[in-house]
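The structure under discussion appears below in the form of structure tokens.
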Amino acid sequence: MYTYNDFDEAFVLERVAQFRGQVERRIDGSLTEDEFKPLRLMNGLYLQLHAYMLRVAIPYGTLNSGQMRQLAFIADKWDKGYGHFTTRQNIQYNWPKLNDVPDMLEALADVGMHAIQTSGNTIRNVTADHFAGAAADEIADPRPIAELLRQWSTDHPEFQFLPRKFKIAVTGSPNDRAVTKAHDIGLRMVRNDAGEAGFEVVVGGGLGRTPMIGKVIRDFLPQEDLLAYCEAIVSVYNLLGRRDNKYKARIKITVHENGLETIREKVEARFAQIRDGFTGFDQQLLAQIEQHFAEPSYKSAKTDGYEAARLANPAFRSWTDTNLTAHKNDDYAIVSISIKKHGHTPGDASSDQMRAIADIAETFGHNEIRISHEQNVILPHVHKADLNLVYQALRKADLATANIGLVSDIIACPGMDYCALATARSIPIAQEIATRFEELKMEHEVGPLKIKISGCINACGHHHVGHIGILGLDRAGVENYQITLGGDGSEDATIGERAGPGFSADEIVPAIERLIKGYVAIRQDDEETFLQAYRRLGPAPFKDILYPEKAEKNAA
Amino acid sequence: MPRAFTPKVITANALLEGDAVWFTPDSTWTGDIKEAELLEDEAHADLRLLEAQAQQDKIAGAYLADVKAGVDGPEPTHFREAFRTRGPSNYNHGKQAEV
Numbered sequence: 001m002y003t004y005n006d007f008d009e010a011f012v013l014e015r016v017a018q019f020r021g022q023v024e025r026r027i028d029g030s031l032t033e034d035e036f037k038p039l040r041l042m043n044g045l046y047l048q049l050h051a052y053m054l055r056v057a058i059p060y061g062t063l064n065s066g067q068m069r070q071l072a073f074i075a076d077k078w079d080k081g082y083g084h085f086t087t088r089q090n091i092q093y094n095w096p097k098l099n100d101v102p103d104m105l106e107a108l109a110d111v112g113m114h115a116i117q118t119s120g121n122t123i124r125n126v127t128a129d130h131f132a133g134a135a136a137d138e139i140a141d142p143r144p145i146a147e148l149l150r151q152w153s154t155d156h157p158e159f160q161f162l163p164r165k166f167k168i169a170v171t172g173s174p175n176d177r178a179v180t181k182a183h184d185i186g187l188r189m190v191r192n193d194a195g196e197a198g199f200e201v202v203v204g205g206g207l208g209r210t211p212m213i214g215k216v217i218r219d220f221l222p223q224e225d226l227l228a229y230c231e232a233i234v235s236v237y238n239l240l241g242r243r244d245n246k247y248k249a250r251i252k253i254t255v256h257e258n259g260l261e262t263i264r265e266k267v268e269a270r271f272a273q274i275r276d277g278f279t280g281f282d283q284q285l286l287a288q289i290e291q292h293f294a295e296p297s298y299k300s301a302k303t304d305g306y307e308a309a310r311l312a313n314p315a316f317r318s319w320t321d322t323n324l325t326a327h328k329n330d331d332y333a334i335v336s337i338s339i340k341k342h343g344h345t346p347g348d349a350s351s352d353q354m355r356a357i358a359d360i361a362e363t364f365g366h367n368e369i370r371i372s373h374e375q376n377v378i379l380p381h382v383h384k385a386d387l388n389l390v391y392q393a394l395r396k397a398d399l400a401t402a403n404i405g406l407v408s409d410i411i412a413c414p415g416m417d418y419c420a421l422a423t424a425r426s427i428p429i430a431q432e433i434a435t436r437f438e439e440l441k442m443e444h445e446v447g448p449l450k451i452k453i454s455g456c457i458n459a460c461g462h463h464h465v466g467h468i469g470i471l472g473l474d475r476a477g478v479e480n481y482q483i484t485l486g487g488d489g490s491e492d493a494t495i496g497e498r499a500g501p502g503f504s505a506d507e508i509v510p511a512i513e514r515l516i517k518g519y520v521a522i523r524q525d526d527e528e529t530f531l532q533a534y535r536r537l538g539p540a541p542f543k544d545i546l547y548p549e550k551a552e553k554n555a556a
Numbered sequence: 557m558p559r560a561f562t563p564k565v566i567t568a569n570a571l572l573e574g575d576a577v578w579f580t581p582d583s584t585w586t587g588d589i590k591e592a593e594l595l596e597d598e599a600h601a602d603l604r605l606l607e608a609q610a611q612q613d614k615i616a617g618a619y620l621a622d623v624k625a626g627v628d629g630p631e632p633t634h635f636r637e638a639f640r641t642r643g644p645s646n647y648n649h650g651k652q653a654e655v
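Chains as they are written, first to last, in my numbering: chain A, 1 to 556; chain B, 557 to 655.
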């Protein structure tokens with residue numbers, strides 16, 4: 001993985017020193033909150049309901065063991081012994097104190113990490129497929145490109161005050177695990193007829209109050225043009241994007257209001273103008289970056305023990321059935337560590353768990369760790385011969401929950417338990433749904449199902465692309481939960497449709513239970529997933545299940 | 557007829573700790589909403605908010621929040637403000653842990 005060079009290190013340390021001075025001036029009264037706020041946001045520091053919150057970027061979700069241990073150390077020394085992994089592949093600390101934050105940032109800088117551009121109207125942390133570099137279905141590892149974009153966008157002088165925040169996601173696989181179509185720019189690696197790798201460029205996707213699926217602005221962009229083309233998109237948006245209304249300022253609205261054709265013409269014109277300025281230095285840089293992402297030196301060992309252990313231990317077998325994904329090396333597997341133990345907070349890991357993950361990755365996983373936008377942790381390279389030992393070690397750390405992709409593998413934003421923007425709580429709803437389905441012992445029977453919960457219309461919990469989405473709102477001073485159905489964050493990205501009136505906090509979990517049991521009753525066979533059944537049958541039968549009184553009235 | 561003024565308290569986040577605090581009748585900040593000044597007059601509330609906001613070295617983001625008068629002092633009426641008096645529901649952290 002990428003390691004900071006002297007320039008990166010000096011830059012990050014200088015920013016820490018600047019922020020230390022800004023914090024001192026805020027505390028001694030030289031800066032008002034209005035003056036300080038944009039400065040702290042540039043460094044990822046928010047002020048939430050109960051405390052400050054520090055959002056730390058995990059570029060394209062990639063960490064090594066040393067970085068994970070440092071995240072644990074920071075959690076113990078300056079927070080409450082845990083961290084929250086987010087849908088943006090970041091980690092958030094919920095309880096930092098203002099005067100400790102410069103020290104936290106310095107501790108991050110020690111392991112090549114920072115919180116720069118995790119807030120503000122800038123290009124945010126570039127996200128990527130969490131199986132990047134390991135997935136069997138991958139054309140190429142998208143992370144060198146993500147790193148190139150990170151270096152280009154960090155402190156880019158032209159793009160520090162965009163109309164609104166700007167998010168870029170990259171995938172190297174045809175199976176989109178990075179929700180690229182819900183990003184300001186989505187990059188999907190594809191091959192042209194000549195077999196050359198390039199990118200399909202998608203623009204203007206996003207969730208939030210006006211959800212939009214991104215539109216293809218270029219079918220095929222050669223890799224060497226990527227940076228110039230992205231710069232052209234962002235610079236067109238920088239001029240054209242609205243600054244009069246925060247809710248109409250994202251590029252999805254710019255594309256919607258001006259039309260894709262107009263945007264494309266402007267982008268192509270700008271691209272033609274700036275392309276020659278990219279003299280190939282970016283490609284030299286990319287070549288250097290690629291060396292950091294060399295494949296691990298795979299070990300060779302017999303895998304018979306793995307099959308034997310599977311036969312001998314049903315719990316291990318169940319875990320391998322749900323938590324493993326095919327690796328491009330047949331002797332290896334990609335391990336997803338669920339941070340969704342039933343009844344626990346989605347995405348929260350204790351410092352002990354972080355250290356356990358770091359140790360396991362170091363011993364069995366070529367020192368590589370990924371954070372997924374689904375709020376789980378990935379060990380991308382584990383030899384099958386080691387899976388049983390990995391499983392045993394995960395069990396010891398209370399990290400062996402076998403539920404990846406199932407009902408209880410819920411995405412939930414922090415909601416009104418932490419977030420100042422939230423209109424309702426998300427975490428307790430996720431906890432209750434997971435606990436209920438653990439009691440029912442039916443999630444393996446239900447099969448693949450993505451439930452995503454947001455505690456406000458800004459949709460950090462991706463509810464629009466949940467097979468079942470839940471949106472928490474404030475209805476006349478009471479928490480109320482709206483259900484959306486049929487959303488999909490994959491390469492077939494679809495925005496879910498609202499099912500009908502919302503449910504109270506007491507009614508929402510029974511409603512979800514009714515919905516899922518109802519789906520099981522009407523599916524064609526055990527193989528038909530919730531989403532497939534929804535697509536085959538349409539919303540009507542699902543609405544009848546959710547609102548039985550209304551269905552009866554209609555039938556009468 | 558003008559709409560009746562809903563009673564208010566002034567609340568903010570403490571500058572260093574970031575936790576919820578309320579403005580008292582003697583212009584200090586408390587972690588207990590019951591000790592907050594109950595503001596029943598709109599003009600007085602606006603004036604007190606200006607005074608509260610002037611204490612930039614102690615707090616950030618002061619605003620007026622709806623309350624009702626309780627036996628022991630002001631009580632929140634909205635769930636958001638009620639959560640701010642306690643802390644998150646998933647862990648025993650924040651104010652509820654200090655009791």
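Cβ atoms here follow ideal geometry from the backbone N, Cα and C, with glycine treated the same way.
Everything numeric in this text was worked out from a predicted model, so none of it was measured.
Which same chain residues, not among the five before or five after residue 164/A, have their C-beta less than 6 Å away from its C-beta? Here residue 164/A corresponds to residue number 164 of the first sequence, with the count starting at 1. If we look at residue 164/A and ignore the five residues flanking it on each side, its Cβ neighbours are 121, 249 and 250.
Just by C-beta distance, which residues in the region 101-121 of chain A are closer than 7 Å to chain B? none
Near residue 258/A, what residues of its chain come up, given a Cβ to Cβ distance below 7 Å and the 5 sequence neighbours on each side ignored? Position 258 of the first sequence holds residue 258/A. Cβ neighbours of residue 258/A beyond the five flanking positions: 240.
Can you tell which of 70/A, 156/A, 172/A and 114/A has its C-alpha closest to the C-alpha of residue 128/A? In the first sequence, residue 128/A corresponds to position 128, counting from 1. Here the closest residue by C-alpha is 172/A.
Could you tell me how far apart the beta carbons of residue 472/A and residue 424/A are, in whole angstroms, since I believe they sit closer than 8 Å? What you label residue 472/A is simply residue 472 of the first sequence in a count that begins at 1. What you label residue 424/A is simply residue 424 of the first sequence in a count that begins at 1. Confirmed, about 3 Å.
Just list the residues that DSSP pairs residue 62/A with in beta bridges. Sequence index remark: in the first sequence, residue 62/A carries index 62 (1-based). According to DSSP, residue 62/A bridges with 370/A.
Taking the alpha-carbon positions, what's the residue 187/A to residue 29/A distance? Position 187 of the first sequence, counted from the first residue, corresponds to residue 187/A. Position 29 of the first sequence, counted from the first residue, corresponds to residue 29/A. Computed Cα separation, rounded: 45 Å.
Close beta carbons around residue 562/B, own chain, < 6 Å, minus the five adjacent residues each side: Position 6 of the second sequence holds residue 562/B. Answer for residue 562/B: 622, listed in chain order.
If we require 3 or more residues per run, which beta strand (DSSP E) segments fall completely within the region 285-342 of chain A? 324-326 and 332-337
With respect to the beta strand (DSSP E) encompassing residue 469/A, which residues constitute its N-terminal and C-terminal limits? Counted from its first residue, the first sequence places residue 469/A at position 469. Segment 468-475, the beta strand (DSSP E) holding residue 469/A.
Residues bridged to residue 481/A [DSSP beta-bridge criterion]: Residue mapping note: residue 481/A aligns to position 481 of the first sequence, counting from 1. According to DSSP, residue 481/A bridges with 472/A and 503/A.
Under 7 Å, Cβ to Cβ, is there at least one residue of chain B near residue 417/A? Mapped onto the first sequence, residue 417/A falls at position 417. Residue 417/A counts as touching chain B.
Return the first residue and the last residue of the beta strand (DSSP E) that residue 624/B is part of. In the second sequence, counting from the first residue as 1, residue 624/B sits at position 68. Residues 615-625.
What are the residues that DSSP puts in a beta bridge with residue 566/B? In the second sequence, residue 566/B corresponds to position 10, counting from 1. Looking at the DSSP assignment, residue 566/B forms a beta bridge with 620/B.
Just list the residues that DSSP pairs residue 222/A with in beta bridges. Position 222 of the first sequence holds residue 222/A. 198/A, per the DSSP bridge assignment.
Quick test of the definition: if touching needs 3 or more C-beta pairs under 8 Å, does the region 109-116 of chain A touch the region 63-82 of chain A? yes
Return the chain-ordered list of same chain residues with a C-beta closer than 7 Å to the C-beta of residue 48/A, the five sequence neighbours on each side being excluded. As a first step, residue 48/A must be located in the first sequence, where it is residue number 48. Closer than 7 Å at the Cβ level, and outside the excluded window around residue 48/A, lie 418, 419 and 420.
Could you give the first and the last residue of the continuous alpha helix (DSSP H) run that contains residue 494/A? For the purposes of this step, residue 494/A is taken as the residue at position 494 of the first sequence. Where residue 494/A is concerned, there is no enclosing alpha helix (DSSP H), given that its DSSP letter is neither H nor E.
Straight-line Cα distance separating residue 440/A from residue 91/A: Taking the first sequence and counting its residues from 1, one reaches residue 91/A at position 91. Taking the first sequence and counting its residues from 1, one reaches residue 440/A at position 440. Those two C-alpha atoms are separated by around 32 Å.
Residues of chain A with a CB under 7 Å from the CB of residue 621/B: which are they? Position 65 of the second sequence, counted from the start, is the residue given in the question as residue 621/B. Neighbours of residue 621/B on chain A: none; closest Cβ ~12 Å, over 7 Å.
How is residue 132/A classed by DSSP in three states: helix, strand or coil? Along the first sequence, one-based indexing puts residue 132/A at 132. Note: residue 132/A maps to coil in three-state DSSP.
Proximal chain B residues relative to residue 428/A, where beta-carbon distance stays under 8 Å: Locating residue 428/A in the first sequence gives position 428, where the first residue counts as 1. Correct list: 645 and 646.
Tell me whether residue 378/A sits in a helix, a strand or coil according to DSSP, three-state version. By one-based count along the first sequence, residue 378/A stands at place 378. Looking at residue 378/A - three-state DSSP - the assignment turns out to be strand.
Taking only the alpha-carbon atoms, compute the straight-line gap between residue 23/A and residue 102/A and give it to the nearest angstrom. Translated into positions along the first sequence, residue 23/A becomes position 23. Translated into positions along the first sequence, residue 102/A becomes position 102. Going from the Cα of residue 23/A to the Cα of residue 102/A covers about 8 Å.
Enclosing alpha helix (DSSP H) for residue 189/A [first to last residue]: One-based indexing of the first sequence puts residue 189/A at position 189. Not the alpha helix (DSSP H): residue 189/A falls in the beta strand (DSSP E), residues 185-191.
Please classify residue 489/A: is it buried, with 16 or more other beta-carbons within 10 angstroms of its beta-carbon, or exposed? Start at 1 with the first residue of the first sequence, and residue 489/A comes out as number 489. By the neighbour-count rule (16 or more Cβ atoms within 10 Å), residue 489/A is buried.
Rounding to the nearest angstrom, what Cα-Cα distance links residue 516/A and residue 463/A in this structure? As a position in the first sequence, residue 516/A is number 516, starting the count at 1. As a position in the first sequence, residue 463/A is number 463, starting the count at 1. Each residue's alpha carbon lies about 17 Å from the other.
I need the DSSP call for residue 95/A, collapsed to helix, strand or coil. In the first sequence, the residue the question calls residue 95/A occupies position 95. Three-state result, residue 95/A: coil.
Per-residue contacts from residue 160/A into chain B (C-beta, under 8 Å): The residue you call residue 160/A lines up with position 160 of the first sequence. In chain order: nothing, as chain B lies at least about 23 Å away.
Per DSSP, what kind of secondary structure is residue 55/A in: helix, strand or coil? Here residue 55/A is taken as the residue at index 55 of the first sequence, counted from 1. Residue state, collapsed to three classes: strand.
Quick one: does residue 51/A have its CB under 7 Å from some CB of chain D? Of the protein chains in the structure, A and B, none is chain D.
Kindly list, in the order they appear in chain A, the residues whose Cβ is closer than 8 Å to that of residue 572/B. For this step, residue 572/B is matched to residue 16 along the second sequence. Per Cβ cutoff of 8 Å: 27, 97, 98 and 99.
Do residue 408/A and residue 452/A have their CB atoms nearer than 7 Å? The residue labelled residue 408/A in the question sits at position 408 within the first sequence. The residue labelled residue 452/A in the question sits at position 452 within the first sequence. Against a cut-off of 7 Å, the Cβ pair of residue 452/A and residue 408/A comes out as no contact.
Could you say which of 295/A, 318/A and 312/A lies nearest to residue 328/A if we only look at CA atoms? For the purposes of this step, residue 328/A is identified with residue 328 of the first sequence, where counting begins at 1. Residue 295/A is the option with its Cα nearest to residue 328/A.
For residue 578/A, count neighbouring C-beta atoms within 10 Å of its own C-beta (all shown protein chains included) and say buried if the count is 16 or more, exposed if not. With chain A covering only 1 through 556, there is no way to say anything about residue 578/A.
Residues of chain A with CB closer than 8 Å to the CB of residue 576/B, please, in chain order. Here the question's residue 576/B lines up with position 20 in the second sequence. What residue 576/B touches in chain A: 49 and 50.
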